[in-house]
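Q: Would you mind keeping the following structure in view while I ask a few things?
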Amino acid sequence: MKEARTKFKLNNKKMDKMTQESTVKILIVDDTEDGSAIQHYLQFASFNTDWVRNCQEMENYLRKYQVDLIILDVHLPDGNGLSLVEKLRAYHQKPIILISAVFVEEIDRVVGLELGADDYLIKPLSFLELKARINAIFRRYQKQVNIQIQAEIQETFHFGDYVFNVSQYRLHYQNNEISLTNTEYKLLTAFVTHANQTLNREWLTNYCKISLEDHKTARAIDVNISRLRRKIQLSDKIPPCIRSVRKQGYRFIPTP
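Numbering of the sequence shown is given in the working numbering, commencing with residue 26 and proceeding in unit increments.
The structure is reproduced here in structure tokens:
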């Protein structure tokens, strides 16, 4: 791994240019110098990466920033990667690749995948294989998103006296059209297609990524939801359709 790290340091000028152009963000969690080698290679391969060394640093990082994929070492000084996968999946839906420097029994790899990891690799890593697996994961996730969107755009949703036509980008109340911003449209689509489910801020930000590229904080979600909530309030006498769930997020209740 050290040899690979040295090799890619020689390409710093090209690497820095490619990193600036990259829009994909990968977080590497590894307490060894392998993390540095992985970071240098992925930057050279045009991925935007950050590297942290333990569980606490990872948790602090994820509170501040969004990532598109996590490369997570199973053996960390302050925690176990398998336990972290399960914890992450409670609020983070982006891909996770587990890595390990020691031989792992088949059952351990199966457990990691069952807990929610998308792949499991053993060190020393082949950087070309790592890049190929990352690209394959992104293709798979994008296909799932496209399938979900195609299913959603064919639907018309009714709640109270409101009619929301997803494919036509239109919301009507008693035959009167209500204007929605692009962000409000994406949020309402997320809510009506996941009715009665609690959606956290990060999930909503990821779902509305196209509309929310210019927003830097999770609080921007709260502002947009507040505006949307006022537009679809059924009555001052009953609870709003979009309800806050303490410390969890929001839930859309189509009927009072």
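Glycine included, C-beta positions come from ideal geometry on N, C-alpha and C.
With burial defined as no fewer than 16 other Cβ atoms inside 10 Å of the residue's Cβ, what is the status of M40: buried or exposed?
A: Here M40 scores only 40 on pLDDT, less than 50, and its place in the model should not be relied on; the value that follows carries that caveat. For M40, the number of other beta carbons within 10 angstroms of its own is at least 16, and it is reported as buried.
Q: In whole angstroms, what separates the C-alpha of H240 from that of M83?
A: Caution applies to H240, whose pLDDT of 48 falls short of 50 and renders its modelled position unreliable; the value that the coordinates give is listed next. Near 22 Å, if we compare the C-alpha coordinates of M83 and H240.
Q: Thinking C-alpha only, which one of F128, K148 and N207 is nearest V191?
A: When only C-alpha atoms are compared, the closest one is N207.
Q: Taking all protein chains shown into account, do 16 or more other C-beta atoms lie within 10 angstroms of the C-beta of Y145, making it buried, or fewer, making it exposed?
A: Buried: at least 16 other Cβ atoms inside 10 Å.
Q: Which partner residues does D93 have in the DSSP bridge list?
A: Its beta-bridge partners do not exist; DSSP assigns none.
Q: Would V99 and L138 qualify as a contact pair, given that the criterion is a beta-carbon distance under 9 Å?
A: V99 places its beta carbon 9 Å or farther from that of L138.
Q: Take A220 as the anchor and find which of F277, L253, R226 and Q199 has the nearest alpha-carbon.
A: F277
Q: Here's the rule I'm using: 16 or more other beta-carbon atoms within 10 Å means buried, otherwise exposed. How should E209 be labelled?
A: buried
Q: Which term fits K168, buried or exposed, when burial requires 16 or more other beta carbons within 10 angstroms of its beta carbon?
A: exposed
Q: Taking the alpha-carbon of K353 as reference, which of K119, L205 and S125 has the nearest alpha-carbon?
A: This structure leaves residue 353 out entirely; the chain is present only between 26 and 281.
Q: For R252, which residues in the same chain have their Cβ closer than 7 Å to its Cβ, ignoring the five residues on either side in sequence?
A: E209
Q: Which of the three DSSP states is assigned to K168 in this structure?
A: helix
Q: Given this structure, state the Cα-to-Cα distance separating W228 from N249, to the nearest angstrom.
A: Taking the straight line joining both Cα atoms gives about 15 Å.
Q: For Y194, which residues in the same chain have their Cβ closer than 7 Å to its Cβ, ignoring the five residues on either side in sequence?
A: Y210
Q: Suppose only complete runs of 3+ residues qualify. What are the beta strand (DSSP E) ranges in the stretch 111-163, listed by chain order?
A: DSSP runs (the beta strand (DSSP E)) wholly in the stretch 111-163: 121-125 and 144-147.
Q: How do the stretch 99-110 and the stretch 60-77 stand: do at least 3 beta-carbon pairs fall below 8 Å, yes or no?
A: Note that the stretch 99-110 does not touch the stretch 60-77; fewer than 3 beta-carbon pairs, one per stretch, sit closer than 8 Å.
Q: Quickly, what does DSSP pair D56 with across the bridge? List them, please.
A: Answer is none; D56 lacks a bridge partner.
Q: Below 9 Å between beta carbons: does that hold for P265 and V217?
A: no
Q: Please report the distance separating the alpha-carbon of Q222 from that of Y116.
A: 13 Å
Q: Here's the rule: buried if 16 or more other CB atoms are within 10 angstroms of the residue's CB, otherwise exposed. What is S204?
A: Flag for S204 reads exposed.
Q: Since I believe L153 is in contact with I63 (beta carbons under 8 Å), could you give me their beta-carbon distance rounded to a whole number of angstroms?
A: About 13 Å; that fails the 8 Å criterion.
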